[in-house]
Amino acid sequence: MRIGILGGSFDPPHNGHLALARAALEHLALDEVLFVPVARNPLKRFRPSKASHRLEMVRLMIEGEPQMAVSDLEIRRGGKSYAVDSLIELNMARPADYWFLLGADALKDFASWKQPERLLHLCRIAVALRPGQELEPVLRAVPAELRSMVDLVPMPPLDISSTDLRDKLSSGKAIARWVPAQVAAYISENHLYGS
Ligand code: ATP
Ligand code: MG
Numbered sequence: 001m002r003i004g005i006l007g008g009s010f011d012p013p014h015n016g017h018l019a020l021a022r023a024a025l026e027h028l029a030l031d032e033v034l035f036v037p038v039a040r041n042p043l044k045r046f047r048p049s050k051a052s053h054r055l056e057m058v059r060l061m062i063e064g065e066p067q068m069a070v071s072d073l074e075i076r077r078g079g080k081s082y083a084v085d086s087l088i089e090l091n092m093a094r095p096a097d098y099w100f101l102l103g104a105d106a107l108k109d110f111a112s113w114k115q116p117e118r119l120l121h122l123c124r125i126a127v128a129l130r131p132g133q134e135l136e137p138v139l140r141a142v143p144a145e146l147r148s149m150v151d152l153v154p155m156p157p158l159d160i161s162s163t164d165l166r167d168k169l170s171s172g173k174a175i176a177r178w179v180p181a182q183v184a185a186y187i188s189e190n191h192l193y194g195s
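Using UniProt numbering, you'd call the opening residue of the sequence shown number 1 and step up by one each time.
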């Protein structure tokens, strides 16, 4: 089995996350992409929305996607979420070939992750460029001897982030273009992000 792990705050999840998952399925010939919402991102200062909301929004977003699933393993573990801990757990529970999927903005912090070398014994990294980014400077965050563990996932650039969406929602702007309809409905029914 070839499995991609897509970690993130998903606060809220959006079409950029879906596009990354689809591109990885295709270009890495994965069997599955597993979305893993963090309990807390150790590198983010702001508290995320309630885990139950983020989990439910991801579940709604991937409903009807046969090769996508969501796991609450980091939310159940609680505290700061580290990729290496999750990959250890996943490799034990379900031995497979794993790729940790990310946007290049997230790879820039690679050196400050917990046990980055150990992580690269447990999975490969697959990185997609976000608009305006180039691969070379992004790869410099990864020690030279580990760069062969990084695969590029080509995807059409989608200029959207959860931060943009939270801003749009709190100022009453429409987000329908950027999130699946089920997610937009959940946000408005639950009055999330000041909507
Ligand atoms: P925030 O603005 O809150 O950081 P985000 O849109 O970056 O939100 P995250 O939950 O932080 O979303 O992202 C999870 C993963 O998805 C990260 O690796 C991030 O780089 C990647 N990602 C998010 N949006 C895109 C996008 N538009 N294109 C490519 N990758 C993306
Ligand atoms: Mg982000």
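For each residue, glycine too, the CB sits at the ideal point set by N, CA and C.
Owing to the predicted nature of the structure, the values given are computational and were not obtained by experimental measurement.
Taking residue 160 as the centre and dropping the five residues before and after it, the same chain places the C-beta of 14, 15, 16 and 178 closer than 8 Å to its C-beta, in chain order. In the DSSP assignment, residue 151 falls within the beta strand (DSSP E) that extends over 150 to 152. Less than 9 Å separates the beta-carbon of residue 34 from that of residue 90. DSSP places residue 73 inside the alpha helix (DSSP H), whose first and last residues are 73 to 77.
DSSP, reduced to helix, strand and coil, places residue 50 outside both helices and strands of the structure shown, so it counts as coil. Using a Cβ distance threshold of 9 Å, residue 53 and residue 165 do not count as a contacting pair. At the C-beta level, residue 70 and residue 48 stay beyond 9 Å of one another.
Residue 125 has its alpha-carbon roughly 11 Å from the corresponding atom of residue 110.
In the DSSP assignment, residue 97 falls within the beta strand (DSSP E) that extends over 97 to 103. Taken from the Cβ of residue 157, at least one heavy atom of ligand 1 lies inside 8 Å. Straight-line spacing of the CA atoms in residue 75 and residue 51 works out to 7 Å.
Here the residues close to ligand 1, judged by CB distance below 6 Å to any of its heavy atoms, are 8, 9, 10, 11, 16, 17, 20, 102, 103, 105, 106, 128, 130, 158, 160, 161, 162 and 163 in chain order.
A distance below 9 Å separates the beta carbons of residue 146 and residue 120. Between residue 20 and residue 182, the C-beta gap is not smaller than 9 Å, which leaves the two residues out of contact. Within the same chain, Cβ atoms closer than 7 Å to the Cβ of residue 188 are found at 195, the five residues on either side in sequence being excluded. If you draw a straight line from the Cα of residue 100 to the Cα of residue 40, it comes to about 17 Å. Between residue 131 and residue 158, the C-beta gap is smaller than 9 Å, which places the two residues in contact. A straight-line Cα-Cα distance of about 43 Å links residue 143 and residue 185.
Here residue 68 is actually not in contact with residue 10; their C-beta atoms are around 13 Å apart, not less than 8 Å.
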